[in-house]
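Structure, as structure tokens:
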Amino acid sequence: MNQYEKLQALEAEIITQGVCPELKEQATQLVMGDGNPNADIVFIGEAPGKNEDEQGLPFVGAAGKFLNAMLAEADMDRSDVYITNIVKYRPPNNRDPLPEEKAAFWPYLVRQIEIINPKVIITLGRHSMEYFLPGQKIGQIHGHAKRISFGDHKLVIVPLYHPAAALYNGGMRQTLIDDFLRVPEVIKQI
Ligand code: URA
Numbered sequence: 000m001n002q003y004e005k006l007q008a009l010e011a012e013i014i015t016q017g018v019c020p021e022l023k024e025q026a027t028q029l030v031m032g033d034g035n036p037n038a039d040i041v042f043i044g045e046a047p048g049k050n051e052d053e054q055g056l057p058f059v060g061a062a063g064k065f066l067n068a069m070l071a072e073a074d075m076d077r078s079d080v081y082i083t084n085i086v087k088y089r090p091p092n093n094r095d096p097l098p099e100e101k102a103a104f105w106p107y108l109v110r111q112i113e114i115i116n117p118k119v120i121i122t123l124g125r126h127s128m129e130y131f132l133p134g135q136k137i138g139q140i141h142g143h144a145k146r147i148s149f150g151d152h153k154l155v156i157v158p159l160y161h162p163a164a165a166l167y168n169g170g171m172r173q174t175l176i177d178d179f180l181r182v183p184e185v186i187k188q189i
């Protein structure tokens, strides 16, 4: 099986094992991820919103357009990276994912990362950050790369603000853009 097929098998497993049945019930579909299954950089957001739920792809609404624009400015394209979320069904009315929902999806996210085997993970917002950098505050560490042990190997984590949170907040928006544009440099240094 190649990486694409392994990700498809993992997606089928999430469905057949009935992860988060209440979320599944009200969602249109599972949103597994998008991009290159062999990418060096993986972006991890929070959970699908309305547009993502309808299209079956992560970050395709307003936050996704903002993410695409920052990728383009940093000379990257969605097809160079892989984009996913910690929770893979849309929470009702776009509420925050619950701790038990994040915990239920975490083992599948770990396996998804093991299949892709990236060098760098960029967390978008605190919901995915807290699993890789527990106890840290996003306001203090955004934009700073940290090396962590992940299973048998090492990974670099770059925590960024969530594009949806930053979209309409002038100060946070500029901070996210600045952090984002420094990512290639930060990765090179580590
Ligand atoms: N916000 C997220 O965290 N993920 C998406 O896929 C879309 C918006």
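Numbering-wise, numbering that gives the first Met the number 0 puts 112 at position 113 of the sequence shown, and it's gapless, one number per residue.
Note that beta-carbon positions come from the ideal geometry of N, C-alpha and C, so glycine has one too.
Since the model is a prediction, treat every value here as computed from it, not as a measurement.
Can you tell me which of A103, P96, K153 puts its alpha carbon nearest to the alpha carbon of N116? K153
So is R146 buried or exposed if we call it buried at 16+ other beta carbons inside 10 Å? exposed
Can you tell me whether T15 is buried or exposed? The criterion is at least 16 other CB atoms within 10 Å of its CB, across all chains shown. exposed
Are there any heavy atoms of ligand 1 lying less than 7 Å away from the beta-carbon of H161, as far as the coordinates show? yes
So does the stretch 95 to 105 actually touch the stretch 118 to 125, counting three or more Cβ pairs closer than 8 Å? no
Would you call the CB atoms of P36 and P47 closer than 8 Å? No. Outside cutoff.
Return the CA-CA distance between N67 and F42, expressed in angstroms with no decimal places. For the pair N67 and F42, the Cα-to-Cα distance works out to about 12 Å.
Assuming contact is defined by CB atoms lying nearer than 8 Å, are L159 and G138 in contact in what I supplied? no
Sequence-distant residues of its chain with Cβ nearer than 7 Å to N50 (five each side left out): Non-local C-beta neighbours of N50 in its own chain, meaning closer than 7 Å and more than five positions away in sequence, comprise V59, G60, ordered along the chain.
Identify every residue that forms a DSSP beta bridge with S127. Answer is none; S127 lacks a bridge partner.
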